[in-house]
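J.: Below is the structure I would like to discuss, written out as structure tokens.
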Amino acid sequence: MSPLFQAADLTAEHVPDADVELFQPLLEHCEDFFLRCYGRPANPDEAKVMLTERPPTAGGGHLTALRDSGGKWVGILESVFDFPAPAEWYLGLMLLAPEVRGHGRGEAVIRAYEAWLRGQGARLLRLGVAEPNPDALRFWTRMGFREELWVGPIKQGVLEYRVLRMSKALV
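In this text, residue positions in the sequence shown follow the UniProt record's numbering: the first is 1, and each later residue adds one.
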């Protein structure tokens, strides 16, 4: 596969939906995220479930693997495009393995991802921040995303909470 972009020491590659199960070990490794946002560890079919949670009105989905210099999958970006309108992308999940967090890689990934999205014709990127994840809210605010609307409560795993929809213009 040819890389989509490089971010710090990570390489981003497109992964076809048919290969989504390759993300399962990474999702299980990120237990802290699942405990915080779902109240439980990742389910054994968590990767496959990601695809079923996409909105049916989206133009399509896009899975991106982040590999370290040794080729190990250490992150994921899961998004949909043309949702809710043409040239708008919605980032459903950005997740980095615990051992690669806290070294500026998240910021590098988002900056490179935004540049790649611009090259795809995207004009806006949206995402949702789970209320029980204040670290994520600080991160996305620092990355220049602005608050749009609190939605919910929604049920995620065994938890119920609100989600803050945020957006950033890419043009």
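Using N, Cα and C, we set each Cβ at its ideal position, and we do this for glycine too. A quick note: this is a predicted structure, and the numbers were derived from the prediction, not measured.
Name the DSSP beta bridge partners of Leu137, please?
T.: Sequence index remark: in the sequence shown, residue 137 carries index 137 (1-based). DSSP output for Leu137 lists no bridge partner at all.
J.: Have a look at Ala87, Asp32, Pro3 and flag the residue whose alpha-carbon is nearest the alpha-carbon of Gly59.
T.: Start at 1 with the first residue of the sequence shown, and residue 59 comes out as number 59. Among Ala87, Asp32, Pro3, the Cα nearest to that of Gly59 is on Ala87.
J.: How big is the Cα-Cα spacing for Asp82 and Trp89?
T.: In the sequence shown, the residue the question calls residue 82 occupies position 82. In the sequence shown, the residue the question calls residue 89 occupies position 89. Spanning the two alpha carbons is a distance of roughly 6 Å.
J.: Exposed or buried, what is Val49 when buried is set at 16 or more other beta-carbons lying within 10 Å of its beta-carbon?
T.: In the sequence shown, the residue the question calls residue 49 occupies position 49. Answer is exposed; the Cβ neighbour count stays below 16.
J.: Does DSSP put Leu51 in a helix, a strand or coil?
T.: Taking the sequence shown and counting its residues from 1, the one referred to as residue 51 is at position 51. In the structure shown, Leu51 sits in a helix (DSSP, three-state: H, G or I).
J.: Using the Cα positions of Arg162 and Arg118, report the straight-line distance between them to the nearest angstrom.
T.: One-based indexing of the sequence shown puts residue 162 at position 162. One-based indexing of the sequence shown puts residue 118 at position 118. So the alpha carbons of these two residues sit roughly 29 Å apart.
J.: Have a look at Leu137, Val74, Lys155, Asn133 and flag the residue whose alpha-carbon is nearest the alpha-carbon of Ala7.
T.: Within the sequence shown, residue 7 is the residue found at index 7, counting from 1. When only C-alpha atoms are compared, the closest one is Val74.
J.: Going by DSSP, which residues form a beta bridge with Met156?
T.: As a first step, residue 156 must be located in the sequence shown, where it is residue number 156. Here the sequence assigns Gln to residue 156, which means Met is not the residue at that position. Answer is Leu159.
J.: Evaluate Arg126 with the Cβ neighbour count: other Cβ atoms within 10 Å of its Cβ, from every protein chain shown; 16 or more gives buried, anything less gives exposed.
T.: In the sequence shown, counting from the first residue as 1, residue 126 sits at position 126. Buried, because 16 or more other Cβ atoms sit within 10 Å of the Cβ of Arg126.
J.: Below 8 Å on the Cβ atoms is my guess for Arg138 versus Val151; work out the distance and round it to an integer in Å.
T.: For the purposes of this step, residue 138 is taken as the residue at position 138 of the sequence shown. For the purposes of this step, residue 151 is taken as the residue at position 151 of the sequence shown. 20 Å between Cβ atoms; not a contact.
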